[in-house]
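Here's the structure we're looking at; comments come further down.
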Amino acid sequence: MRDLIREGQVAPRAEDVAARADVGLRSVFRHFDDMESLYREIAALMRTELRPVLAEQQPPADAPDLLEQLVARRAKLFEKIMPLRIAADVHSHSSPFLREDRRWMNDSLRTILRASLPTSLTKDRTLFDALDATMSFEFWRRLREDQGLSVTQAKRVMEKILATLAARASR
């Protein structure tokens with residue numbers, strides 16, 4: 004299923020998974036009780052892949068190019084998870100697990116962002132919420148898919164917004 008999603012099938016059916024695995028449909032459901040358990044398995048694989056990216060040492064909060072480094076890390080992460088995250092979003096309306104998994108990812112990224120930024124950018128709740136929204140997967144997806152920007156262009160947009168917000172905070 005993971006490979007089918009990465010190849011562009013946003014909502015592969017159990018039949019597609021069985022065909023790809025060269026097994027019968029019953030075999031799929033012998034290993035997975037239902038689609039929800041299959042989603043759990045894919046999420047576990049994705050978390051294993053993402054663990055090294057999420058665990059990378061963060062740049063010091065006083066690094067002159069802090070925002071650029073943070074954007075570069077997010078871009079790398081988001082490009083890696085984009086097909087799986089889009090597919091998960093298609094099914095999240097009917098999957099409590101996928102909704103919880105999205106909350107876990109968003110909370111994890113928010114925690115990392117808060118720990119990475121200087122206090123001057125995190126003490127104002129509204130400012131921090133704006134920074135977090137700008138650094139979100141949803142914003143990245145909009146830039147990449149809806150606006151058709153390249154990775155480089157999308158990074159520049161994020162960097163510009165973040166720099167503008169940070170500059171306003173220092174006034």
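FYI, the numbering for the sequence shown is 4 to 174, going by this note's numbering.
Backbone N, C-alpha and C fix where the C-beta goes; we use that ideal spot for every residue, glycine too.
- Taking all protein chains in view, the Cβ of A90 is crowded by 16 or more other Cβ atoms within 10 Å, so the residue is classified as buried.
- 8 Å or more divides the Cβ of L73 from the Cβ of V56.
- Judged by pairs of C-beta atoms under 8 Å, the segment 81-101 touches the segment 40-52, as three or more such pairs exist.
- Straight across, the Cα-Cα distance linking A21 with A75 is about 37 Å.
- Approximately 6 Å separates the beta-carbon atoms of A172 and L124; this is inside 8 Å, confirming the contact.
- In the DSSP assignment, R144 falls within the alpha helix (DSSP H) that extends over 140-144.
- In the three-state DSSP reduction, M4 falls in the coil class, being neither helix nor strand.
- Cβ-Cβ separation between D19 and L7: approximately 6 Å, consistent with a contact (criterion under 8 Å).
- R16 carries a coil assignment under DSSP once its states are collapsed to helix, strand and coil.
- Measuring C-alpha to C-alpha distances from R144 to each of R102, R16, A157, A133 identifies A157 as the nearest.
- Between R117 and F131, the beta carbon gap of about 7 Å places them in contact (Cβ cut-off 8 Å).
- Straight-line measurement puts the Cα of L120 at about 14 Å from the Cα of A136.
- With a minimum length of 3 residues, there is no unbroken run of beta strand (DSSP E) contained wholly in the segment 23-72.
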